[in-house]
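Note sheet for the following structure.
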Ligand SMILES: *Cc1c(COP(=O)(O)O)cnc(C)c1O
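Residue numbers (this note's numbering): 8 to 460.
Right, here's the structure in full:
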């Protein structure tokens with residue numbers, strides 16, 4: 008059974024069920040698996056014939072064996088992944104993988120749906136209510152709220168930056184109700200994230216079983232490794248073990264950590280292109296070797312990536328042999344040469360993102376939304392810099408459905424993206440949410456009053 012250690016390395020290793028419940032380690036580090044279960048070329052070959060749910064089972068059971076029963080896991084995968092995962096060819100080599108066909112139309116559904124099912128199993132073993140606390144830059148909140156709605160024994164609290172989410176994004180979370188409470192914070196995503204992290208570390212809240220659905224929880228990252236395997240199995244010449252290029256539009260670096268985990272497990276990845284918006288702290292870090300967060304984070308049209316200090320960076324640094332503590336201080340430098348060999352980080356401006364949206368629509372008739380367009384622009388930049396990689400199979404991730412950003416698409420392309428069934432009708436549903444400042448003590452008191460047993 009795989010164990011998990013904290014990136015701060017001052018608490019004991021724990022098993023997956025504990026990690027899922029804890030979210031963050033007590034020493035404020037992030038949990039990482041002590042080993043990456045290997046995947047072989049024979050696995051890839053076998054996966055060519057499988058659908059997404061079965062590939063998910065085959066990948067994830069390597070982490071869940073001994074914690075969740077295999078038969079149950081198989082069923083959970085079938086249940087969670089009952090929607091399409093289209094991979095659209097753009098030209099001979101380059102593709103777009105659309106991770107926007109889940110119930111809330113962003114890639115966050117992939118992890119939220121699996122985690123909610125894991126948590127549902129775990130809560131059966133607990134004697135108290137589980138409170139899932141999550142900060143969202145727009146899409147996590149709705150994916151989590153949707154995935155956990157109506158799950159017995161679980162309550163969900165979502166904090167979102169009130170001025171930084173689109174109306175449709177907001178309505179997707181505030182119209183659920185029931186066991187889901189949403190709070191609009193007068194501040195930025197980073198403020199919401201800080202409030203959540205403080206609550207986890209707060210001794211005064213120790214009598215509440217708090218856990219996180221943010222990508223500080225490794226339960227978010229494991230399911231996010233699956234689609235990289237899926238893309239490879241469906242596209243690359245597996246028998247020849249041909250390495251593939253992925254481009255991942257990134258904010259908190261949970262999605263790209265899925266690719267890193269897949270690579271560590273043995274997926275032949277030649278480069279992971281990490282495309283950020285103007286929040287370029289990581290591209291700068293890879294360039295210069297020294298890290299500085301951006302505070303306050305810069306407001307860009309790819310709002311789910313307005314992150315001035317990605318929480319998963321500590322994990323990336325850890326995989327490459329360094330140590331970043333919970334304040335974002337680099338205590339030991341990672342192996343920068345290997346990092347640069349595996350990862351190409353690039354910052355894309357809003358202007359470039361809009362140009363990319365226009366260009367892709369004009370040339371290929373494809374509609375990308377601002378996050379996916381950032382990823383595509385990143386890939387384009389990478390291939391310009393590395394002509395030798397142009398013959399490689401490349402996949403750029405589209406992380407959300409264009410209809411989640413109708414104002415931006417309308418302003419850039421002059422067309423209204425078709426609304427998928429999952430987003431239809433939310434305009435009319437009644438909203439229910441509170442608005443608050445980012446004052447932590449007030450939030451703590453509210454949590455204590457609302458959830459203390
Ligand atoms: C969350 C999100 C991202 C960024 O993903 P990270 O895992 O935080 O890097 C990108 N695009 C969309 C649409 C998102 O919702």
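C-beta: ideal position from N, C-alpha, C; glycine also. Remember, it's a predicted structure, so these values are computed and weren't measured experimentally.
Within its chain, find whatever has a CB closer than 6 Å to the CB of residue i; leave out the 5 residues flanking it on each side and keep chain order.
i: residue 118; result: 227, 230 and 231
i: residue 91; result: 108
i: residue 301; result: 286, 288 and 315
i: residue 33; result: 18
i: residue 66; result: 233 and 236
i: residue 115; result: 146, 147 and 150
For residue i versus residue j, is the C-beta distance shorter than 7 Å?
i: residue 155; j: residue 123; result: yes
i: residue 430; j: residue 112; result: yes
i: residue 121; j: residue 142; result: no
i: residue 233; j: residue 63; result: yes
i: residue 352; j: residue 390; result: no
i: residue 94; j: residue 102; result: yes
i: residue 218; j: residue 30; result: yes
i: residue 168; j: residue 192; result: yes
i: residue 381; j: residue 284; result: yes
i: residue 145; j: residue 172; result: yes
i: residue 304; j: residue 286; result: yes
i: residue 11; j: residue 26; result: yes
i: residue 369; j: residue 405; result: no
Skipping 5 residues on each side, what residues in its chain have a beta carbon closer than 8 Å to that of residue i?
i: residue 212; result: 206, 451, 454 and 455
i: residue 486; result: Limits of the chain in this structure are 8 at one end and 460 at the other, which puts residue 486 out of reach.
For residue i, collect the residues of the same chain with a Cβ closer than 7 Å to its Cβ; drop the 5 residues on either side in sequence, then sort them by chain order.
i: residue 235; result: 253, 265, 266, 269 and 274
i: residue 308; result: 357, 360, 377 and 415
i: residue 42; result: 9
i: residue 384; result: 282, 355, 359, 360 and 363
How is residue i classed by DSSP in three states: helix, strand or coil?
i: residue 338; result: strand
i: residue 88; result: coil
i: residue 78; result: helix
i: residue 156; result: coil
i: residue 407; result: strand
i: residue 399; result: coil
i: residue 43; result: coil
i: residue 426; result: coil
i: residue 1; result: Any property of residue 1 remains undetermined from this structure, which presents the chain solely from 8 to 460.
i: residue 389; result: helix
i: residue 28; result: helix
i: residue 254; result: strand
Could you spell out the range, first to last residue, of the alpha helix (DSSP H) harbouring residue i?
i: residue 171; result: Run containing residue 171: none; DSSP gives neither H nor E here.
i: residue 414; result: 413-420
i: residue 216; result: Element bounds for residue 216: not the alpha helix (DSSP H) but the beta strand (DSSP E), 216-219.
i: residue 455; result: 447-458
Between which two residues does the beta strand (DSSP E) containing residue i stretch?
i: residue 67; result: First-last for residue 67: 59-71, but that is the alpha helix (DSSP H), not the beta strand (DSSP E).
i: residue 212; result: Careful: residue 212 lies outside any beta strand (DSSP E) and carries neither H nor E.
i: residue 11; result: 11-13
Beta strand (DSSP E) runs wholly inside the region 83-156, at least 3 long, in chain order: For the region 83-156, whole beta strand (DSSP E) runs of length 3 or above, ordered along the chain, are 94-96, 101-105 and 137-142.
Can you list, in chain order, the stretches of the alpha helix (DSSP H) that have 4 or more residues and sit fully within the region 257-299? Complete alpha helix (DSSP H) runs here, min 4: 261-272 and 288-295.
Quick one: which unbroken alpha helix (DSSP H) runs of 4-plus residues sit fully inside the region 344-380? Chain order, please. List check, alpha helix (DSSP H) in window: 357-371.
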